[in-house]
Amino acid sequence: MGGVLPVRRAVVTGGAGFVGSHLCDRLREEGTEVVCVDNLLTGSTGNLRARDGDPGFTLEVRDVCEPFDVAGPVDLVLHLASPASPHDYARHPLETLRAGAQGTANALDLAHRKGARFLLASTSEVYGDPLVHPQTELYWGNVNPVGPRSQYDEAKRYAEALTTAYRGARGVDTVIVRLFNTYGPRMRPEDGRAVPTFVTQALAGEPLTVAGDGSQTRSLCYVDDTVGGILAAAAATHPGPVNLGNPVELTILDLARRIRELCGSASEIAFVERPVDDPGLRRPDIALARAELGWQPAVDFDKGLAMTIDWFSRLG
Ligand code: NAD
Ligand code: UDP
Numbered sequence: 001m002g003g004v005l006p007v008r009r010a011v012v013t014g015g016a017g018f019v020g021s022h023l024c025d026r027l028r029e030e031g032t033e034v035v036c037v038d039n040l041l042t043g044s045t046g047n048l049r050a051r052d053g054d055p056g057f058t059l060e061v062r063d064v065c066e067p068f069d070v071a072g073p074v075d076l077v078l079h080l081a082s083p084a085s086p087h088d089y090a091r092h093p094l095e096t097l098r099a100g101a102q103g104t105a106n107a108l109d110l111a112h113r114k115g116a117r118f119l120l121a122s123t124s125e126v127y128g129d130p131l132v133h134p135q136t137e138l139y140w141g142n143v144n145p146v147g148p149r150s151q152y153d154e155a156k157r158y159a160e161a162l163t164t165a166y167r168g169a170r171g172v173d174t175v176i177v178r179l180f181n182t183y184g185p186r187m188r189p190e191d192g193r194a195v196p197t198f199v200t201q202a203l204a205g206e207p208l209t210v211a212g213d214g215s216q217t218r219s220l221c222y223v224d225d226t227v228g229g230i231l232a233a234a235a236a237t238h239p240g241p242v243n244l245g246n247p248v249e250l251t252i253l254d255l256a257r258r259i260r261e262l263c264g265s266a267s268e269i270a271f272v273e274r275p276v277d278d279p280g281l282r283r284p285d286i287a288l289a290r291a292e293l294g295w296q297p298a299v300d301f302d303k304g305l306a307m308t309i310d311w312f313s314r315l316g
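Under full-length UniProt numbering, think of the first position of the sequence shown as 1, with each following residue one higher.
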């Protein structure tokens, strides 16, 4: 069971978002027909501009929390629909829980009906504020079930459990990928995440708002690498969960300084209050992805940041 290559027709839920739109573009470059299902809650048609006039691409604007069908054959369902930035899921707590619960069930039902492989875009947030570092897939996590991040973390944990149950009880061919922090063009300047916020601030000459003392760490993966990992997981037979991320770890203060330098900015650093339950350390162990998918990130961090800064500077 498992592995779809070549993929003739794929459904991408959340395909108008940051990661999803790059995924749609890559699938089309590889000759796969794509049906994107997105309610545009946090995504936009602007992300899909490269698909204008593309006969192999269809956008269906609908909420995956309502049962949905897609006409014709489908080989692969890639389920990404969910608010993803802490700002977004704080603003949309119920939508986030529903996307993880009903949305995942509806996407799994579609894969079941079509006999398609199903990929769940889960997250490093299932590890919560981790007590094990770096995080391997064997770690069960440290999540506050009633904290300010719980709507997202628990929705994804439930989505993983649901995906596992559909695999066991209904025989759906599934794979769970746990994406770590991803950055690149098409992040929204106002989405509140560290990279777009610091880049926007540095380009405007405004202070860079570093939370706490900035000693918390993240490991940032360029979006092209993340998309490559997602497609490698779709094409393999492994059910996961499998971590997809870049193991190069840095503190948030170092990230702010690096972005400021690459922007040629004289912005100051402003230390602001640290959000509650903000994870202290995050770095993926990607041994499983290397062994089972033959995947590892390839884009150098400074190069990825430079491409991202260039994109933001063109937004005007
Ligand atoms: P995003 O907000 O840019 O994209 C999410 C997309 O899902 C948007 O286009 C949004 O409109 C759509 N959506 C949300 N709820 C929906 C619903 N009910 N019905 C239909 N569409 C809906 O976020 P992103 O950063 O591109 O993240 C994409 C996926 O990857 C998410 O599932 C997220 O949890 C996961 N992920 C992302 C990261 C990251 O660093 N970007 C890290 C870990 C996991
Ligand atoms: N962060 C920050 N300033 C900002 C936005 C984020 O210092 O303006 C910090 C945030 O507190 C966290 C880290 O950067 O420690 C990564 O945050 P992000 O929202 O990008 O991702 P996540 O918390 O989901 O990993």
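Cβ coordinates follow ideal geometry from the N, Cα and C atoms, glycine included.
| Item | Value |
| --- | --- |
| Suppose you measure from the CA of M1 to the CA of S265; what does that come to, to the nearest Å? | In this predicted model, M1 has a pLDDT of only 48, less than 50, meaning its place in the structure is not dependable enough to derive any value. |
| With DSSP run on the structure shown, which of helix, strand or coil describes C221? | strand |
| So residue 340 is in the beta strand (DSSP E); what residue range does that whole segment cover? | One cannot answer for residue 340 here, as it falls past the ends of the chain, which runs 1 to 316. |
| Step through the CB atoms of chain B and report whether any lies within less than 9 Å of the CB of R51. | The chain labelled as chain B is not found in the depicted structure, where only one protein chain is given. |
| Going by beta-carbon coordinates alone, are A242 and I176 separated by less than 9 Å? | First, the residue type needs correcting, since residue 242 is Val and not Ala in the sequence shown. Cβ distance < 9 Å, so V242 and I176 count as in contact. |
| Which of helix, strand or coil does DSSP assign to M1? | Caution applies to M1, whose pLDDT of 48 falls short of 50 and renders its modelled position unreliable; the model cannot decide the point. |
| With distances taken Cα to Cα, identify the nearest neighbour of G280 among P83, G128, G240 and D191. | G128 |
| Write down every uninterrupted run of the alpha helix (DSSP H) in the region 73-102 whose length is 4 residues or greater and which is fully enclosed by it, in chain order. | 86-91 and 93-98 |
| Taking the runs of the alpha helix (DSSP H) that are 4 residues or longer, which of them lie wholly in the region 103-174? | 104-114 and 150-170 |
| By DSSP's criteria, N243 is part of a beta bridge. Which residues make up the other side? | R178 |
| Taking the straight line between their C-alpha atoms, what separation do you get for R8 and V276? | 44 Å |
| Do N47 and S21 count as a contact pair if the criterion is CB distance below 9 Å? | yes |
| With R28 and D54 assumed to form a contact (beta carbons below 8 Å), what rounded beta-carbon distance in angstroms separates them? | 6 Å |
| Run through the DSSP bridge pairs and tell me what D38 is partnered with. | V61 |
| Just curious, the beta strand (DSSP E) that A10 is in, first and last residue? | R9 to T13 |
| Is the beta carbon of F68 closer than 9 Å to that of E33? | no |
| Please find out if some non-hydrogen atom of the ligand UDP comes closer than 8 Å to the beta-carbon of V272. | yes |
| With H, G and I counted as helix, E and B as strand and the rest as coil, what does DSSP make of F301? | helix |
| Could you say which of T42, G43, C221 and A204 lies nearest to A298 if we only look at CA atoms? | C221 |
| What residues in its chain sit with their C-beta under 6 Å from that of G141, if we drop five residues either side in the sequence? | V126, Y127 and G128 |
| For A200, which residues in the same chain have their Cβ closer than 7 Å to its Cβ, ignoring the five residues on either side in sequence? | The question names Ala, but residue 200 is Thr in the sequence shown. So the list reads P189 and F312, once near-sequence residues are dropped. |
| Within its chain, find whatever has a CB closer than 8 Å to the CB of P73; leave out the 5 residues flanking it on each side and keep chain order. | R8, R9 and K114 |
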